[in-house]
Amino acid sequence: MKNRHFKSTKRFLLLGTIIGGLCACGAENTSREEVPTEEPDSIIVNRFDTRESLKTITPINATVTLDNTALESQALKIEFTTQTFLSGIYIKPETPWETSHLGNRAFMFDVKNTGQGPVMLVAAVGGSGNQYQRRAIGLDEGQTTTLYFELEGYQLNEDTGMSDTPSSLKIDALKMLQRGSNLKLDYSKVYGVKIYAEKQIRPTEIVVDNLRFESTPEPNKDYLKNMVDKFGQRADMDFELKISSETELKAAAEKELEQLANSQGWQERSKFGGWKSGPKREATGFFRTEKVNGVWSLVDPQGYLFFSSAIANARMSNTSTFTGVDYRDESVRYINPDDVTPEDSQQIVGDYRAAQQTHYVANQQRRSMFEWLPDYDHPLANHYGYRRKAHKGPMPHGEVFSFYQANLERRYGETSKGSYLDDWREVTLNRMSDWGFTSFGNWTDPMFYDNEQMPYFANGWIIGDFKTLSSGFDIWGKMPDVFDPEFVRRANITTEVIAKEINNSPWCIGIFIDNEMSWGGSGPAIRQYGIVFDALSRDAKDSPTKAVFMRLLKEKYDDIDRLNAQWQKNHASWGEFSSGVDYKEDESYSESLLADASWLLTVYASEYFSVVRDAIKKVMPNHMYMGNRFTTWGTAPEVRDVSKEYADVVSYNYYQEGIDQATFGFLDELDAPVIIGEYHIGSEDSGHPKSGKIFAPNQKRRAEMFRNYLNSAIDNPYIVGVHWFQYIDSPITGRAHDGENYNVGFVTTTDIPYPHMVREAKETHKNMYERRYKNME
């Protein structure tokens, strides 16, 4: 679809070109005052009118051709490949585009999805420092639209406490959503644009045209005001599952309870959810792993092959959102140093009635987002809580409210204190069974630990006042100094608490400890070995890890001159080296130094995994250690290889459309059981301003993409389970911990299951075991 605003701009530019040409020819009768001085409100990047236009395009692992059929005029077809991490196009001007005169502005382009099935399309625009900001959107098969990537606009870089916000613009185009970190870049000069798809698991293609920078109209400055209704839903839009009254909410609950009561279950499965029709292995009474006919598998306590298809984060902890209110009462912010549970995993509990008397509005913008919040004497006021600290956002601490938990009380009523949570526990267990899942994933609420209906994974964090190190990429926090005795002590305290909670239950598959730690990653040495370089920069008197590294290096080299020769350094003595050497800004490193950095990283990782494994096995010898859920972008290969030696299962969180060979080809060499601890797909059509980490165009496609991801994991001989994140949609105004406001739940904020998701889950789970083990006798 062509943009009318763009067409008028095109005519203006043509007129400006003609006038400019006349001036250049020195027309004597044309005075300076007669030449239009108004700046154009659009800058053309490429319109693909001629074959010459292809010369400005640099394909990135993609096939590009001109197309005359998909849009109104000749356009560019981009065919994405499945063989690489990234596939698309790159346009870099000889000199940066000057865009500041456009005022509030966006990068815009027309697009049609001409492939089979949906595509998640990413655009990246280079601004100050030649850094590239990414945004993305899910496009349905055959969908034709105009997209905009806002570069300068109203409150664009303001921290609202949400991962992304609704559009403040009323234009006939779709907003591209934040992808990755929000970089606050200056776009007065633009250094390049990219349009691409990431890590495709099936062939896709699009056609694009009219790439341009364009001025945007006046914004709606009240775009966040009263955006959430009393049920925690978007107030300013309608969608399929929207609830309008408590009567409707209760009726939906009664209908579902009747359906669940008539569920037939899964007769081909064992007591613990294993494949009862398949080959039986040794029964040990607890879950374990085994490689059977070349396929890694979990084995349930009765000896049946088991694949963990799960939903993670079935708990209340992340259902609360900041209200914009804080309390002057300092006592609510006290954090016990002996806590073993981080703030984002704390439940919504506590009596805040005294502190509420000291309340005040700390953030008016967030306060104004809600049409309704209960008064402190309202029956639903028990769903207020308090967050003592946040990972990020405009409120470092403050009052929170859980619409989801309030809706449970509305939905099921309260016959005794907190009885709606007991009802929720039973309904959740019955849903999991009815939908065909074989377990809960990570972050399962401990209230499920004593159940004998659905296997689960326990989890914990090692937190405390131990020394730390930095990899230089500390996304969630710094790394522990693993040789600090306090770290060892805190590891044992954490696992002792978990052991008491699971009470040697055979329904517990295993234990995850920590999550998405900042190990480093592949690539430049400073990224891969950042932990080692940081430790070397410390004084050995203050850093236990540095002291260990010192001992090992002195044992290897004995004389400082031998180390200097190998590392191409010039340290005067071991004493100088011990007090701290900073290599973080070095432009290059000797091969020997890099080899030693790799060795020292292995030493560090071995200590971490051995400490955690020993702490688990000491108090939970019958249960598996599931690792710490790596990221593919933040885990050095050395760490991955070490983890295999200590963890019973290696775990990864992986947010893409499926298990692609380009990313997970290393599994052939690793040859270990692997579990995917998190993945999801989201959509905007349920009112959430941010789809999730992976975007679908609508709920039907979201469900299909869930199926495709699950099947890609089932088909991989190394992957023994895959866990959807998460059970419940994020709050629309952002979870209190970090502002995630994703549509990634199997149920809405009003606890209504998404029918497309449920339907695909049942269908995929029907033949899950036959599909995975089809070649076994």
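If you want the working numbering, it's the 1-based position in the sequence shown plus 158. All C-beta atoms in this analysis are idealised placements derived from N, C-alpha and C, irrespective of residue type, glycine included.
Within 10 Å of its beta-carbon, does Gly571 have 16 or more other beta-carbons around it, so buried, or fewer, so exposed?
exposed
Report the option in Leu531, Ser577, Phe265, Phe480 whose CA atom is closest to the CA atom of Met320.
Phe480
Close beta carbons around Ser849, own chain, < 7 Å, minus the five adjacent residues each side:
Gly296, Leu335, Gly840, Ser841, Glu842, Tyr900, Asn901
Gln857, DSSP secondary structure in three states:
helix
State the Cα-Cα distance for the pair Lys932 and Ile359, rounded to the nearest angstrom.
22 Å
Would you be able to state if there are at least three C-beta pairs under 8 Å between the region 334-349 and the region 553-560?
no
Taking 8 Å as the limit between beta carbons, can you name the residues of its chain near Ile834, skipping five residues before and five after?
Ser809, Tyr810, Asn811, Tyr812, Ile817, Ala871, Ile877, Gly879, Val880, His881
Taking just the CA atoms, how far does Phe767 sit from Val222?
47 Å
Cβ distance (whole Å) where Arg293 is taken to contact Thr374 below 8 Å:
About 15 Å separates the two Cβ atoms, so there is no contact after all.
To the nearest angstrom, how far is it from the Cα of Arg685 to the Cα of Gln422?
52 Å
I'd like to know if Leu369 contacts chain B, where contact means its C-beta is closer than 7 Å to some C-beta of that chain.
Structure shown: chain B not included; a single protein chain is present.
Hey, could you find the ends of the beta strand (DSSP E) Arg293 is sitting in?
Start and end: 290-297.
May I ask whether a heavy atom of the ligand NAP can be found less than 6 Å away from the beta carbon of Lys342?
As far as ligands go, the structure on display features none, and thus does not contain the ligand NAP.
Return the chain-ordered list of same chain residues with a C-beta closer than 8 Å to the C-beta of Ala520, the five sequence neighbours on each side being excluded.
Excluding sequence neighbours, Ala520 sits near Gly482, Val483, Asp484, Met553, Gly556.
The beta strand (DSSP E) with Val558 in it runs from where to where?
556-559
When DSSP labels each residue in this structure, what does Tyr804 get in the three-state scheme?
helix
6 Å Cβ shell around Val916 - same chain, five flanking residues per side excluded
Trp593
With 16 as the cutoff for other CB atoms within 10 Å, does Glu918 come out buried or exposed?
That one is buried.
Host alpha helix (DSSP H) of Lys235 (start-end)
Unbroken run through Lys235 is the beta strand (DSSP E), 233-238; no alpha helix (DSSP H).
For Gln936, which residues from the same chain have a beta carbon less than 6 Å from its beta carbon, with the 5 sequence-adjacent residues on both sides left out?
Because the chain spans 159 through 935 in this model, residue 936 falls outside it and cannot be assessed.
Just how far apart, CA to CA, sit Ile890 and Asp396?
14 Å
Whole angstroms are fine: how far does the CA of Asp896 sit from the CA of Arg696?
31 Å
Excluding the five sequence neighbours on either side, which residues of its own chain have a C-beta within less than 8 Å of the C-beta of Gly892, listed in chain order?
Thr318, Gly319, Met320, Ser321, Thr479, Phe480, Gly551, Glu898, Asn899
Considering just the uninterrupted stretch of the alpha helix (DSSP H) at Lys270, what are its terminal residues?
Careful: Lys270 lies outside any alpha helix (DSSP H), inside the beta strand (DSSP E) at 263-271.
For Val800, which option in Ser286, Tyr762, Met782 has the closest C-alpha, if you only look at C-alpha atoms?
Tyr762
In whole angstroms, give me the CA-to-CA distance for Trp791 and Glu928.
33 Å
Check the DSSP bridge columns for Phe824 and list the partner residues they point to.
DSSP output for Phe824 lists no bridge partner at all.
Return yes when the Cβ of Ser428 is within less than 7 Å of the Cβ of Gln460, no when it is not.
yes
Spatial distance of Pro324 from Asn315 (CA atoms)
Each residue's alpha carbon lies about 13 Å from the other.
Identity of the residue in Trp665, Asp744, Thr760 nearest Leu710 by Cα:
The shortest Cα separation from Leu710 among Trp665, Asp744, Thr760 belongs to Thr760.
Taking the straight line between their C-alpha atoms, what separation do you get for Ser737 and Asp692?
13 Å
So, at 6 Å on beta carbons, what are the nonlocal neighbours of Ser844 in its own chain, with the 5 sequence-adjacent residues on each side left out?
Phe397, Asn901
Is the separation between the beta-carbon of Ala233 and that of Asp367 shorter than 7 Å?
yes
Would Thr304 be called buried (16 or more neighbouring beta carbons within 10 Å of its own) or exposed?
buried
Can we say the region 242-257 touches the region 198-218, given the rule of at least three CB pairs closer than 8 Å?
yes
In three-state terms, what does DSSP make of Phe670?
strand
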